[in-house]
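Heads up: the sequence lines are chains A and B, in that order.
According to the numbering used here, the residues represented by the first sequence are 6 to 290, in order.
According to the numbering used here, the residues represented by the second sequence are 42 to 788, in order.
Worksheet: the structure to be examined is printed underneath.
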Amino acid sequence: MLTFASTALLALASFAGAPVPPSPAAPAPAVQEPNTLGKLLTQKAPAMVSIKFLLKSDDGEQEAEASGAIIDAGGLVITSNNAFGGLEARFGSGTAPTPTDIKILIGDDTQGVKAKFLARDTELGLAWIQIDEPASKPYAFIDMTQSAEPAVGDKIYVVSLMGRFFDRAPMVTDGFVTSIVTKPRRLIMPSFGIAAGGEHGLPLFDEEGKVVGVATLILPERDEMEGMKRDAMKGFMGAMVLPAKAVVTATARAREMAKTNPAEEGKKDESASDGEKKDGADKPK
Amino acid sequence: MGVWRVRRAFGVSIAAGTVLGIVASGGLMAVPGCASSRQPAGNAEADAAHLREEMRTVVTTARDRVFPALVNIAVITVNYYGGKESKGGQTGSGTIISPDGYILTNQHVTDMGTKFRITLADRREVAATVVGEDPLTDLAILKIDPDQLGGTLPYATFGDSDKLVVGDYVMAMGSPLALSRSVTLGIVSNTERVFTTGMNADEIDEMEFDAGRTGLFTSWIQHDALINHGNSGGPLVNLRGEIVGVNALGGNNIGFAIPASLAKDVARHLIDDGEVIRSAIGIAVKPIKRSEFKEGVFINSVVKGSPADKAGLKAGDVVTAMDGKPVTVKFAEEVPAFIRKIAALPVGSKLELAYTRAGQTGTATLTTEKLLKERGDQVALRMWGLSMSQITQKMAKDLQLDDSKGAIVTGIRRGGPADQAEPSINSADVIRTIDNKPVDNLKAIVDAYKAIMAQDPIPEFVLVGFDRAGKNQVTLIKPRPEKRDDPPREIPKHWIGAATQPVLRDLARELGTPEALGFRVTRVYPGTMAAGSKLKVGDIVTAINDEPIVPRQMQDAGMFQRRVRSLSGEDNATLRVFRDGKSMEVQVPLERTRIGPDEALKEQNKDFDISVREVTFFDRDDERWTDDIEGVLVDNVERAGWAGLAGMQEGDLVQRINQYEIRSIPEFRKAMTAIAKQQPARVTFAVLRRNRTYFMFAEPDWKPMATTEKAQEGAKEEAAPDMQPQPSAPDAGKEGGNGKPPPASKQ
């Protein structure tokens, strides 16, 4: 793990390097290139996406956008479930809105490719979306298994896309680990710059480009609100980072769900109300 | 003042004086049979009793003349907001005014109505149709069929409202609730009340749309016979038992009625022609009260292209004579009478107006034209996410459009296809072309919509040309069925079918096991795998798979299940528990998290306007429904839909619909499709609400939504009697089974 001092030295020694071809899956180079931020940006940006969708509720529908990252060559996208009606599902009264008409916009694309909602994990605040159109070549992606565990004070970075007006130009933001908490589970707390600027659902990296985790929001559940005082969330600044290992585990579960034939699953569900009992026997394989 | 005199003359208590006062202060003169009650002093009590008796006779006699003809009107409405149609309901009162079943009521009672149900005084119910509506006077005529009611109908007659004077007794009658009829008594407070705009303004605004213009022709009768919601359209009755007004506004002990002289006239036109044809010359009038003029009618503005404009009249002119007769509007109260005079002329009449302009006099001869319809018919194109209105000539003028071709957008569904089009379509845009073909009116647009949406598959884009503030634009709408996708699925995780509470330090000590800090089992859910294990209520769990689980405060209440969910791989969990003061290990099989209400399968039914979902484990636990209780749970009910009207509520468990047992969403879907094909007059829903059963009797109207059809005909009146059968909504035919309703029948 690099220290503050060495980062500063590297930054001093930086020069405008030749553009690095987008190959996010490439292993981190053994020798540090100068200009860590610029390199991260070039390396990671091709895997960053904007997600356009409609949130349908009983009241009507609403156009919405979220950020995400492609995490395998087949076009699996990780994003924040909270943007997809997850917050309403947890805390709202009535029915949570259903996301539909999902489109993944890669780079400065304006049309997008069709995608389907694969799975959500309301507790972790994550959602997985699968690009649903055949692609001519594998997608650039972030390899979540190339991960690192940062310590308090370590530099962390997020690569995101700017808004529509700026044609979704990629940008990089830096920050550092302010704390590591274990409640409600092991979480990395980022400094304000990243918490505020980095949108939920995006991966964070260390200097070497290794994934430290995914920015998300994990809030108390209803039954945990009891006895909650005003200052219960003191020190919380709007985003937390779920460590890469937990993301990998959750993603494996999402993939497993995807493997079960959706049509079959649908049929099973359709006959499910006469089999609420059966339901108990449905265990994850 | 009258009360004072009465009290003195009869020497009765104040309480009695209130009643007597009313009689003595004027009613005696008007009421036959009451005029001889002045008795020598000393007989006050007998007088009072006599008077009371006579007044009672007068009131009840008058009441009995109108009461049998008094009806309650229940209306199902369809509104077009935000690009979708939504059903609603309203009720009002009305009076049968002829033996063949014409009913007089307010236009705001029938407004947007598609179905009318009349409850007669004898509690018989019958359907009614609209004969005509006149928004300008807020009056409408409905019709019921006497043959359905045994041939003869009670009816009430009109009195002469012009003879009403301030102080006359009047009775307000109505049926604020379906079966109750009420009478209230009061006096006329004012016979020529008008409503002006603003605080001390003296203008009667005739330039506004819709409601703003209601009452333009009306010198209202203000009275203090109590009227309430639901009295609208009910009669104001004199002590002879004649209709002298139609109650339309009220509250705060004040009521306003449309005078019978106007109502009678409007009713006749509506019955004969289906509309009231009026003349207009295109001027707005301002009373001269504050001007330098002593007489004449001040022209506040002139509508461009109107008869007044063509004849050379200008704003600021003062009309001094109409066809040789002097005219003056000094006060706002005089405006309605002046406008009525012009309106009453046959359309195309020659009218000679003498006027002064800057001291010069002049004469203008003009030909009146038809007063134009205020509001066009409306329709919602659901799969395009917009609602539209026919453009009336009046609207074209007011909105400064070149012509009245096309249709104007009245609402956009947020996030809907029209909203998402690039550029997006907005309210007040005028749609001119669809797929490059001109669409001249609402009917053409609805036809184009139906033709496009009938294609299979639905085309990806529809090219729409529209005008916005004089600019002609084109955009692409992507039609989309209104279907809602199944909710996203939650990643399955481990779960133990038990509820727990944290055991904190103090509680542990008092429970006798200070070392047992953990989670106390409060419930083992029946039917779960945990129920088959040795876990018991009262057990205090202190570790899962040898990892301690210790709550520090109440907000750790969710920690037990959080920990279980984060387990990976295993089939069983080993719980370390304290039971009866002893520590032991309990093996509990792990099962998957249960589907919550948000993940449950849903189904929407448009025929009855309900959506239902499958029952989840948590619903059962909340309601204490055991596994053998089956059905589908009502998620959403539209209040004025057929199920809503039958009394269906959210949270009801639908278990049977007519002969069909409902145990699942597919069974519900199947039953509703079958019922839509059968189109029975009555559909019985058997539901479970908490632990009680309820039966709901829905009486669906399988006929098409009238308003959609009316819109296509271009005129409400023409379309009402024999509509072409169509699916209730343009896009309902596809999945619902109601694509082929039977020919429209008489209601």
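Backbone N, C-alpha and C define an ideal beta-carbon position, used for all residues, glycine too.
For residue i, which of helix, strand or coil comes out of DSSP?
| i | result |
| --- | --- |
| residue 91 (chain B) | helix |
| residue 591 (chain B) | coil |
| residue 707 (chain B) | helix |
| residue 718 (chain B) | helix |
| residue 494 (chain B) | helix |
| residue 732 (chain B) | coil |
| residue 179 (chain A) | strand |
| residue 28 (chain A) | Note that residue 28 (chain A) scores a pLDDT of 49, beneath 50, so its modelled location is shaky and nothing firm can be said. |
| residue 458 (chain B) | helix |
| residue 434 (chain B) | helix |
| residue 683 (chain B) | helix |
| residue 542 (chain B) | strand |
| residue 831 (chain B) | No answer is possible for residue 831 (chain B): it lies beyond the span of chain B, which begins at 42 and ends at 788. |
| residue 210 (chain A) | strand |
| residue 236 (chain A) | helix |
| residue 481 (chain B) | coil |
| residue 189 (chain B) | helix |
| residue 286 (chain B) | strand |
| residue 486 (chain B) | helix |
| residue 696 (chain B) | strand |
| residue 548 (chain B) | helix |
| residue 166 (chain A) | strand |
| residue 404 (chain B) | strand |
| residue 391 (chain B) | strand |
| residue 96 (chain A) | helix |
| residue 671 (chain B) | coil |
Classify residue i as buried or exposed, calling it buried when 16 or more other Cβ atoms lie within 10 Å of its own Cβ.
| i | result |
| --- | --- |
| residue 248 (chain A) | buried |
| residue 81 (chain A) | buried |
| residue 431 (chain B) | buried |
| residue 625 (chain B) | exposed |
| residue 585 (chain B) | buried |
| residue 275 (chain B) | buried |
| residue 736 (chain B) | exposed |
| residue 149 (chain A) | buried |
| residue 467 (chain B) | exposed |
| residue 318 (chain B) | exposed |
| residue 690 (chain B) | exposed |
| residue 189 (chain B) | exposed |
Could you spell out the range, first to last residue, of the alpha helix (DSSP H) harbouring residue i?
| i | result |
| --- | --- |
| residue 262 (chain A) | 249-264 |
| residue 303 (chain B) | 301-314 |
| residue 222 (chain B) | Neither: residue 222 (chain B) is in no alpha helix (DSSP H) and is coded neither H nor E. |
| residue 379 (chain B) | 376-384 |
Need the endpoints of the beta strand (DSSP E) that residue i sits in, please.
| i | result |
| --- | --- |
| residue 166 (chain B) | 166-175 |
| residue 41 (chain A) | No beta strand (DSSP E) contains residue 41 (chain A), which is instead part of the alpha helix (DSSP H) from 41-49. |
| residue 512 (chain B) | 512-518 |
| residue 339 (chain B) | 338-343 |
| residue 607 (chain B) | From DSSP, residue 607 (chain B) is part of no beta strand (DSSP E) but of the alpha helix (DSSP H) over 600-607. |
| residue 122 (chain A) | 118-126 |
| residue 509 (chain B) | 503-509 |
| residue 450 (chain B) | 448-453 |
| residue 350 (chain B) | Per DSSP, residue 350 (chain B) belongs to no beta strand (DSSP E); it is in the alpha helix (DSSP H), 348-351. |
| residue 585 (chain B) | 581-585 |
What does DSSP give as the partner residues of residue i in its beta bridges?
| i | result |
| --- | --- |
| residue 210 (chain B) | B:228 |
| residue 656 (chain B) | None; residue 656 (chain B) has no bridge partner. |
| residue 325 (chain B) | B:342 |
Evaluate contact between the segment 393-412 of chain B and the segment 360-375 of chain B, counting only Cβ atoms and requiring at least three cross-stretch pairs below 8 Å.
-> yes
Are there three or more Cβ pairs, one per stretch, closer than 8 Å when the segment 442-452 of chain B is compared with the segment 496-503 of chain B?
-> no
Give a yes or no on contact between the segment 302-314 of chain B and the segment 393-402 of chain B, applying the rule of three or more CB pairs nearer than 8 Å.
-> no
So does the segment 169-189 of chain A actually touch the segment 102-119 of chain A, counting three or more Cβ pairs closer than 8 Å?
-> The way I'd put it, the segment 169-189 of chain A does touch the segment 102-119 of chain A; three or more beta-carbon pairs between them come closer than 8 Å.
State whether the segment 617-634 of chain B contacts the segment 643-657 of chain B, with contact taken as three or more CB pairs (one from each stretch) at a distance under 8 Å.
-> The segment 643-657 of chain B and the segment 617-634 of chain B do not touch, with fewer than three beta-carbon pairs separated by less than 8 Å.
Kindly confirm or deny that the segment 514-533 of chain B and the segment 449-462 of chain B touch, where touching means at least three C-beta pairs closer than 8 Å.
-> yes
Touch check for the segment 572-588 of chain B and the segment 203-213 of chain A: three-plus C-beta pairs under 8 Å?
-> no
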